[in-house]
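For the sequence shown, the residue numbers in the numbering used here are 11 to 241. Don't be surprised by glycine CBs; every beta carbon is placed ideally from N, CA and C. Keep in mind that this is a model prediction, so the values were computed, not measured.
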Amino acid sequence: MMELQHQRLMALAGQLQLESLISAAPALSQQAVDQEWSYMDFLEHLLHEEKLARHQRKQAMYTRMAAFPAVKTFEEYDFTFATGAPQKQLQSLRSLSFIERNENIVLLGPSGVGKTHLAIAMGYEAVRAGIKVRFTTAADLLLQLSTAQRQGRYKTTFQRGVMAPPRLLIIDEIGYLPFGQWDQTFAGDAALTSAMLDRILHHSHVVQIKGESYRLRQKQKAGVIAEANPE
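So, in structure tokens, the structure goes:
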């Protein structure tokens, strides 16, 4: 009798798309008996498990959609090495309030100081907050837009394919192409180039990161390359 009832309950949960409730119910049922929960306590625990599982699935989906080359966090960033990184400013931006205000962040600094790491960490914070994110490189983005322009669908691509889906767009390696050469990418269209730069630089928080290359230092420690002679 109990087995039949369990099967009926699991079937109903499946029809209601309460997938996590199905897996959590047996253990919670036993816990409810052992700890003498009320019916309402049991229901609350079940719904809490379902909510938590849905949040985790949503976060996993948003992480995949973001297309990060790797997941990085602020906790993993070595501020003891990157002493030139403005930790107080970065921690303030970690609140993500700049997204609500439609503001941008521009990370500046030499190669290897962790700009990509920090950008991904900021994006992952947004994903954890339930915000859609997209990670791309400047080269890939400019190729996509310049191709769309040649095909006469730039406006649609920019509005729907670039700006619309994510609330946070991360453009990596943007400094690899000097701003003075951007108009060449768009077939000499100075107006289009100006519009792109205005989108990036308008209402921006500039984060200046100083220091030596972290990647170079790691290779030196591993013996891959020799350390510089202090003399």
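Contacting residues, own chain, Cβ-Cβ under 6 Å from residue i (five flanking each side not counted)
| i | result |
| --- | --- |
| Glu241 | Reliability of the predicted coordinates at Glu241 is poor, the pLDDT of 45 falling under 50, and the value obtained from them is presented with this limitation in mind. Same-chain partners within the cutoff: there are none. |
| Lys125 | Leu117 and Gly119 |
| Gln218 | Leu118 |
| Phe78 | Ile130 and Phe145 |
| Met20 | Ile32 |
Among the options, nearest to residue i - alpha-carbon criterion
| i | options | result |
| --- | --- | --- |
| Ala148 | Ile180, Val123 and Pro120 | Ile180 |
| Phe108 | Leu151, Met50 and Gly133 | Gly133 |
| Glu135 | Arg163, Glu29 and Val81 | Val81 |
| His213 | Met75, Ser39 and Arg111 | Arg111 |
| Gln4 | Ile32, His55, Ser30 and Leu28 | A query on residue 4 cannot be resolved here, the shown segment of the chain reaching from 11 to 241 and no further. |
| Arg64 | Pro79, Met50, Ser39 and Ser30 | Ser30 |
| Ala131 | Glu113, Met20, Ser39 and Thr83 | Thr83 |
| His127 | Ser223, Ser156, Ala139 and Leu57 | Ser223 |
| Leu53 | Arg160, Leu62 and Leu38 | Leu38 |
| Leu106 | Ile184, Ile141 and Arg160 | Ile141 |
| Glu85 | Met75, Asp44 and Gln101 | Gln101 |
| Gln66 | Ala139, Gln161 and Ser48 | Ala139 |
Opposing strand residues paired with residue i [DSSP bridges]
| i | result |
| --- | --- |
| Arg144 | Leu179 |
| Gln218 | Leu118 |
Expected contact under 8 Å - CB spacing of residue i and residue j to nearest Å
| i | j | result |
| --- | --- | --- |
| Val137 | Tyr72 | 5 Å |
| Val143 | Leu103 | No, Val143 and Leu103 are not in contact; Cβ-Cβ is about 14 Å, not under 8 Å. |
| Thr166 | Gln154 | Thr166 to Gln154, Cβ: 12 Å. No contact. |
| Gln97 | Phe89 | 5 Å |
Beta-carbon proximity list for residue i, same chain, < 8 Å, skipping 5 on both sides
| i | result |
| --- | --- |
| Gly221 | Phe91, Ala92, Thr93, Gly94, Ala95, Gly119, Pro120 and Val123 |
| Leu28 | Glu60 |
| Gly24 | Ile32 |
| Leu211 | Asn114 and Val116 |
| Asp51 | Ala42 |
Close Cβ partners of residue i (< 7 Å) along its chain, the five nearest in sequence each way excluded
| i | result |
| --- | --- |
| Gln15 | none |
| Ala34 | Leu56 and Glu59 |
| Ile184 | Ala148 |
| Val216 | Val116 and Leu118 |
Exercise. Which parts of the segment 93-122 are runs of the alpha helix (DSSP H), unbroken and 4 residues or longer, counting only runs that do not cross its ends?
Worked result: Whole alpha helix (DSSP H) segments, 4+ residues: 97-103 and 107-110.
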